[in-house]
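Counting in the UniProt record's numbering, the sequence shown runs from 1 upward without gaps. For reference, the structure is listed below as C-alpha cells.
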Amino acid sequence: MASMMQPQIILLKEGTDTSQGKAQLVSNINACTAVADVVRTTLGPRGMDKLIHDDKGNVTISNDGATIMKLLDIVHPAAKILVDIAKSQDSEVGDGTTTVVLLAGEFLKEAKPFVEDGVHPQNLIRSYRTASYLAIERIKQLASSIEGKSLEEKKELLANCAATTLSSKLIGGEKEFFAKMVVDAVIAIGDEDRLNMIGIKKVSGGNMRDSFLVNGVAFKKTFSYAGFEQQPKKFLNPKILILNIELELKSEKENAEIRLSDPSQYQSIVDAEWNIIYDKLDKCVQSGAKVVLSRLAIGDLATQYFADRDIFCAGRVAEEDLQRVAAATGGTVQTSINDVIDEVLGTCECFEEKQVGNERFNIFSGCPSGRTATIVLRGGADQFIEEAERSLHDAIMIVRRALKNSTVVPGGGAIDMEISRYLRDKAREIAGRSQFFINSYAKALEVIPRQLCDNAGFDATDMLNKLRQKHSTGGGAPYGVDINTGGIADSYANFVWEPAVVKINAINAATEAACLVLSVDETVKNPKSESAQGDAAAGAMGGRGRGGAAFRGRGRGMRRR
Ligand code: ADP
Ligand code: MG
1 MASMMQPQII LLKEGTDTSQ GKAQLVSNIN ACTAVADVVR TTLGPRGMDK
51 LIHDDKGNVT ISNDGATIMK LLDIVHPAAK ILVDIAKSQD SEVGDGTTTV
101 VLLAGEFLKE AKPFVEDGVH PQNLIRSYRT ASYLAIERIK QLASSIEGKS
151 LEEKKELLAN CAATTLSSKL IGGEKEFFAK MVVDAVIAIG DEDRLNMIGI
201 KKVSGGNMRD SFLVNGVAFK KTFSYAGFEQ QPKKFLNPKI LILNIELELK
251 SEKENAEIRL SDPSQYQSIV DAEWNIIYDK LDKCVQSGAK VVLSRLAIGD
301 LATQYFADRD IFCAGRVAEE DLQRVAAATG GTVQTSINDV IDEVLGTCEC
351 FEEKQVGNER FNIFSGCPSG RTATIVLRGG ADQFIEEAER SLHDAIMIVR
401 RALKNSTVVP GGGAIDMEIS RYLRDKAREI AGRSQFFINS YAKALEVIPR
451 QLCDNAGFDA TDMLNKLRQK HSTGGGAPYG VDINTGGIAD SYANFVWEPA
501 VVKINAINAA TEAACLVLSV DETVKNPKSE SAQGDAAAGA MGGRGRGGAA
551 FRGRGRGMRR R
C-alpha cells in the first residue's frame with residue numbers, strides 16, 4: 001500500500017508561507033495605496049502634520065514624507081518599497097518625498113483595475129516606462145534656466161525655490177525670512193560639497209524670528225574650568241590655534257611604569273610632569289594664538305594659565321565643529337604642539353562669546369575662506385525646533401540643487417497637469433492597449449493638484465476641470481493651484497517654483513517603484529528569517545513545535561520594537 005503512494009516533493013521548509021498570482025499582486029497594490037493614504041494629507045502648503053510617538057515616549061511632529069515613512073516602521077514587504085523610494089528621494093534631492101510616495105501609490109491604484117481584468121503586468125510595466133520617459137523629456141523641455149543671471153537676481157530666484165519648499169512646513173509663516181537665510185548660507189559655502197559645512201544649532205526659547213545666520217561657525221560654549229571667567233571673550237582678527245591634544249596635568253604613571261630606588265627622586269618625577277604641561281602651554285602662547293581650541297580636554301591649570309595671558313580657550317569641542325572652524329578660518333588641526341608655524345593658525349574677523357537665549361555661544365564670524373555657515377535656530381518647543389531643522393534641511397538641499405542644475409519648473413501642480421495633458425495627447429498617437437495604460441499614467445499624475453486642493457479644502461473636481469481646460473489652451477502650461485484664492489493661477493508669476501530635478505527624480509523613482517511592485521507575483525515567507533532573532537534564544541530552550549511557534553511570536557515582537 002505504502003509503495004503505491006507518490007513520493008511528496010518537498011521544496012520549501014515546513015511552515016513556509018507562499019502566496020502568489022493575481023490576488024497577491026492586488027494585495028500588494030492595496031498595501032501601497034494604504035501607505036500613500038497615510039502621507040496624502042501632508043502634501044502642500046495647507047498639508048497637515050503628523051504626530052508620531054513610539055513606545056519610548058519620543059514624539060515627532062513632521063510634515064516631511066521621508067521622516068514620516070521612516071518612523072512608521074512599515075512591515076509589509078511590498079509597502080516597504082515606498083519607504084525606500086521616499087528615503088532615496090530625500091538623500092538624492094532632499095525634497096519631494098511626499099510627492100514620490102503619492103505618485104507611486106497612484107500609479108499602482110490606476111494599474112489595479114487592469115491587473116484585476118487579467119492584463120499581464122509586463123504590458124503595464126512597459127507602458128509605464130515609456131510614459132515616464134516621455135514625461136521626463138517634457139519636463140526638460142518646459143524647465144526654464146536661471147543660468148546667466150547676476151548674483152543678486154539668482155539669489156532672488158533661489159529664495160523663491162526655498163520659499164516654495166518651506167511653505168508646506170511648520171515654519172511656512174516665516175518662509176521669506178528663512179528662505180533668505182538658507183540662500184545666504186548655501187551661497188556662503190560656495191562649491192563645498194560637504195553639507196555639514198552648514199551647521200544648524202538649536203537653542204530652545206525665543207521667537208523663530210530671533211534665529212540668525214552666522215557667516216562662519218558657532219557652537220555652544222563647552223565645559224570650562226575655573227579661571228575661565230577671567231579670559232577675554234572678544235577678539236578682533238585673532239589667531240586661532242586648533243588642537244587635538246589634551247592640555248591637562250597628567251600623572252605619567254598612567255602612561256609609563258616608573259621605578260624609583262630613592263624616595264627623594266619622587267619630586268623630580270612630579271616636576272617633570274609639571275614641566276611637560278608648562279612646556280606645552282608655553283608653546284601655545286608662543287604661537288601667538290589668541291584663541292585655543294581643542295577636541296580634547298583643556299584642564300584647570302591650562303585655563304588659568306591662558307587667562308593670565310589674555311588668551312581664550314575651549315576644550316572638548318565637538319569634532320564636527322572643530323572641522324568647521326578649521327575649514328572656515330583656514331587653520332589646520334594640530335596633533336602636536338611642537339613647531340607650530342604661522343600657516344596652521346586660523347583667523348577670522350571677529351571671535352566672540354555671546355549669550356543666545358539662555359546659552360553661551362562661541363561665534364567665529366567674518367571667516368576668510370567662507371565655506372561654512374551656521375544657522376542658529378530659535379523657537380519654542382523642542383519638537384518645533386526639530387521640525388524646523390528638518391524643513392531647513394529640505395530648503396538647503398533644494399537651493400543647492402537649483403544652484404547646481406539651475407533649471408526650475410512651475411509648482412502647485414502646474415507641471416503635473418502639463419505632463420498629464422501631454423501624455424494624453426501622446427497616447428492618442430499610440431495604437432493598441434498601451435494607449436489605455438499611458439492614459440492611466442497621465443491620470444495618476446493629476447493626484448498632485450487634486451491633493452493640493454483637497455488639503456486646502458477646495459473643490460478638487462471643479463479645480464481640475466479648470467486646470468484641464470486652461471492647459472488645453474496654448475500658454476496654459478504654468479497654471480497651477482492658487483492656494484491663497486482657491487482658483488487657478490500662473491505658478492511662475494506667483495513664484496511657486498520647484499527645481500526640475502525634484503520632479504524628474506520623483507517621477508523616475510515613483511515609476512520604478514510601481515514597476516517593481518507590479519513585477520512581483522509571488523511572495524515567499526521563510527519561517528527561518530521571520531524568527532531569526534528569536535531563534536538564538538530558542539536554541540537554548542531546544543525543541544520545535546509549540547516552542548518554536550511561541551518564539552516566532554516573540555521574534556516578531558522584538559523586530560517591531
Ligand atoms: P514634498 O514632501 O513632496 O515636498 P510638500 O508638502 O513639500 O511635499 O508639498 C510640495 C507640493 O506643494 C509641491 O507640488 C509644490 O508645488 C506645492 N506647493 C508648495 N508651495 C505652494 C504654493 N504656495 N502654492 C501652491 N502649491 C505649492
Ligand atoms: Mg517639500
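For each residue, glycine too, the CB sits at the ideal point set by N, CA and C.
query = In whole angstroms, what separates the C-alpha of His-471 from that of Ser-491?
reply = As a working mapping, residue 471 is identified with position 471 in the sequence shown. As a working mapping, residue 491 is identified with position 491 in the sequence shown. Taking C-alpha positions only, His-471 is separated from Ser-491 by approximately 13 Å.
message = Output needed for Ile-277: all residues of its chain with C-beta closer than 6 Å, excluding positions within five of it in sequence on either side, in chain order.
response = Residue numbering aside, residue 277 sits at position 277 when the sequence shown is read from its first letter. Same-chain partners within the cutoff: Leu-249.
inquiry  = Counting C-beta neighbours from all protein chains within 10 Å, is the total for Trp-274 16 or more, i.e. buried, or is it exposed?
reply    = Sequence index remark: in the sequence shown, residue 274 carries index 274 (1-based). Exposed, because fewer than 16 other Cβ atoms sit within 10 Å of the Cβ of Trp-274.
Cβ shell of Asp-184 (< 6 Å), same chain only, five flanking positions each side left out = Your numbering for residue 184 matches position 184 in the sequence shown. Answer for Asp-184: Leu-213, listed in chain order.
ask   = Taking 7 Å as the cut-off, does the CB of Ile-448 come closer than this to any heavy atom belonging to the ligand ADP?
value = Translated into positions along the sequence shown, residue 448 becomes position 448. In this structure, Ile-448 has its CB closer than 7 Å to one or more heavy atoms of the ligand ADP.
ask   = Anyone know if the C-beta pair for Phe-219 and Lys-239 falls short of 8 Å?
value = Reading the sequence shown from its first residue, position 219 is the one you call residue 219. Reading the sequence shown from its first residue, position 239 is the one you call residue 239. In this structure, Phe-219 sits away from Lys-239, with a CB-CB distance that is not shorter than 8 Å.
ask   = Does at least one heavy atom of the ligand ADP sit under 7 Å from the Cβ of Thr-347?
value = One-based indexing of the sequence shown puts residue 347 at position 347. Taking 7 Å as the cut-off, the C-beta of Thr-347 does not count as close to any heavy atom of the ligand ADP.
task = Could you tell me which of Ala-111, Glu-110, Ala-86 and Ser-91 sits nearest to Val-100, measuring between CA atoms?
result = Indexing the sequence shown from 1 puts residue 100 at position 100. Nearest option by C-alpha distance: Ala-86.
ask   = In whole angstroms, what separates the C-alpha of Gly-105 from that of Ile-29?
value = In the sequence shown, counting from the first residue as 1, residue 105 sits at position 105. In the sequence shown, counting from the first residue as 1, residue 29 sits at position 29. Approximately 8 Å, taken between the alpha carbons.
request  = Compute the minimum distance between the beta carbon of Ser-168 and the heavy atoms of the ligand MG, and state whether it is under 7 Å.
outcome  = Translated into the one-based positions of the sequence shown, residue 168 becomes position 168. Correct: Ser-168 has its Cβ closer than 7 Å to the ligand MG.
task = Compute the Euclidean distance between the alpha carbons of Ile-52 and Leu-71, then round it to the nearest angstrom.
result = Translated into the one-based positions of the sequence shown, residue 52 becomes position 52. Translated into the one-based positions of the sequence shown, residue 71 becomes position 71. Rounded to whole angstroms, Ile-52 and Leu-71 show a C-alpha spacing of 7 Å.
query = Which residue spans inside the segment 259-319 form an unbroken beta strand (DSSP E) run of at least 3?
reply = With a minimum length of 3 residues, the continuous beta strand (DSSP E) runs that stay inside the segment 259-319 are 291-294 and 312-314.
request  = Tell me, please, whether the segment 410-422 touches the segment 445-456 by the rule of three or more beta-carbon pairs shorter than 8 Å.
outcome  = Here the segment 410-422 makes contact with the segment 445-456; the two share three or more CB pairs at distances below 8 Å.
message = Please state the DSSP three-state secondary structure of Val-182.
response = Start at 1 with the first residue of the sequence shown, and residue 182 comes out as number 182. Correct three-state label for Val-182: helix.
message = Can you tell me which residues form a DSSP beta bridge with Glu-14?
response = Your numbering for residue 14 matches position 14 in the sequence shown. Beta bridge pairing from DSSP links Glu-14 with no other residue.
query = Based on the DSSP output, what are the partners of Ala-77 in its beta bridges?
reply = Translated into positions along the sequence shown, residue 77 becomes position 77. Looking at the sequence shown, residue 77 is not Ala but Pro. In the DSSP output, where bridge partners are listed per residue, Pro-77 has none listed.
task = Give me whichever residues DSSP pairs with Pro-238 in a beta bridge.
result = Taking the sequence shown and counting its residues from 1, one reaches residue 238 at position 238. In the DSSP output, where bridge partners are listed per residue, Pro-238 has none listed.
inquiry  = Report the CB separation of Leu-241 from Cys-284 in whole angstroms; it is logged as a contact under 8 Å.
reply    = Taking the first residue of the sequence shown as position 1, residue 241 is located at position 241. Taking the first residue of the sequence shown as position 1, residue 284 is located at position 284. The C-beta separation of Leu-241 from Cys-284 comes to about 6 Å, placing the pair in contact by the 8 Å criterion.
key: Span of the alpha helix (DSSP H) around Phe-212   = Here residue 212 is taken as the residue at index 212 of the sequence shown, counted from 1. Taken as a continuous stretch (DSSP letters only), Phe-212 belongs to no alpha helix (DSSP H), being part of the beta strand (DSSP E) at 212-214.
ask   = If you check the beta carbons only, do Asn-358 and Gly-216 fall under 8 Å apart?
value = As a first step, residue 358 must be located in the sequence shown, where it is residue number 358. As a first step, residue 216 must be located in the sequence shown, where it is residue number 216. Not a contact, by the Cβ cut-off of 8 Å.
key: Near the ligand ADP: Lys-496 beta-carbon under 7 Å from a heavy atom   = Counting from 1 along the sequence shown, the entry for residue 496 is found at position 496. The amino acid occupying residue 496 in the given sequence is Val; Lys does not appear at that position. Answer for Val-496: yes, Cβ within range of the ligand ADP.
task = Using only alpha-carbon positions, find the residue among Phe-437, Ser-420, Asp-454 and Gly-457 that is nearest to Gln-469.
result = Residue 469 sits at position 469 when you count from the first residue of the sequence shown. Nearest option by C-alpha distance: Ser-420.
ask   = By DSSP, does Ala-373 sit in helix, in strand, or in coil?
value = Taking the first residue of the sequence shown as 1, we reach residue 373 at position 373. Strand.
message = Please state the DSSP three-state secondary structure of Arg-40.
response = Taking the sequence shown and counting its residues from 1, one reaches residue 40 at position 40. Collapsing the DSSP output to three states places Arg-40 in a helix.
ask   = Assuming Ile-111 contacts Leu-518 under a Cβ cut-off of 8 Å, what Cβ separation, rounded to an integer in Å, is found between them?
value = Looking up residue 111 in the sequence shown gives position 111. Looking up residue 518 in the sequence shown gives position 518. The sequence shown places Ala at residue 111, rather than the Ile named in the question. Their Cβ separation, rounded to whole angstroms, is 6 Å, which keeps Ala-111 and Leu-518 in contact under 8 Å.
Gly-534 versus Glu-14: straight-line alpha-carbon distance, rounded = By 1-based counting over the sequence shown, the position of residue 534 is 534. By 1-based counting over the sequence shown, the position of residue 14 is 14. Reliability of the predicted coordinates at Gly-534 is poor, the pLDDT of 47 falling under 50, and no value is obtained from them.
message = Just to confirm, is the Cβ distance from Met-181 to Ile-363 under 8 Å?
response = The sequence position of residue 181 within the sequence shown is 181, counting from 1. The sequence position of residue 363 within the sequence shown is 363, counting from 1. Contact: no.
key: 8 Å Cβ cutoff, Leu-516 in contact with chain B   = Of the protein chains in the structure, only one exists, and it is not chain B.
task = Check whether the Cβ atoms of Gln-383 and Ile-61 sit closer than 8 Å, and answer yes or no.
result = Walking along the sequence shown from the start, residue 383 turns up at place 383. Walking along the sequence shown from the start, residue 61 turns up at place 61. Yes, Cβ-Cβ distance for Gln-383 and Ile-61 is below 8 Å.
ask   = If you pair each beta-carbon of the segment 481-495 with each one of the segment 451-461, do three or more pairs fall below 8 Å?
value = Between the segment 481-495 and the segment 451-461 there are three or more inter-stretch CB-CB distances shorter than 8 Å, so the stretches are counted as touching.
query = How about Thr-98 and Leu-43: do their beta carbons lie closer than 8 Å?
reply = On the sequence shown, position 98 is the one that residue 98 refers to. On the sequence shown, position 43 is the one that residue 43 refers to. Result yes, Cβ atoms of Thr-98 and Leu-43 sit closer than 8 Å.
ask   = DSSP beta-bridge partners for Gly-379?
value = Within the sequence shown, the letter at position 379 stands for residue 379. The bridge partners DSSP lists for Gly-379 are Ser-204 and Gly-205.
query = Under a three-way DSSP split, which group does Asp-462 fall into?
reply = As a first step, residue 462 must be located in the sequence shown, where it is residue number 462. It is helical.
Candidates Ser-144, Pro-121 and Met-208, of which the one nearest residue 581 by Cα = This structure cannot settle anything about residue 581, because the visible part of the chain is limited to 1 through 561.
key: Alpha-carbon to alpha-carbon, Ile-269 and Ser-261   = For the purposes of this step, residue 261 is taken as residue 261 along the sequence shown, with counting starting at 1. For the purposes of this step, residue 269 is taken as residue 269 along the sequence shown, with counting starting at 1. Their Cα atoms are separated by approximately 13 Å.
request  = Starting from Lys-525, trace the beta strand (DSSP E) both ways and give me its first and last residue.
outcome  = As a position in the sequence shown, residue 525 is number 525, starting the count at 1. Under the DSSP assignment, Lys-525 falls in the beta strand (DSSP E) whose first and last residues are 522-525.
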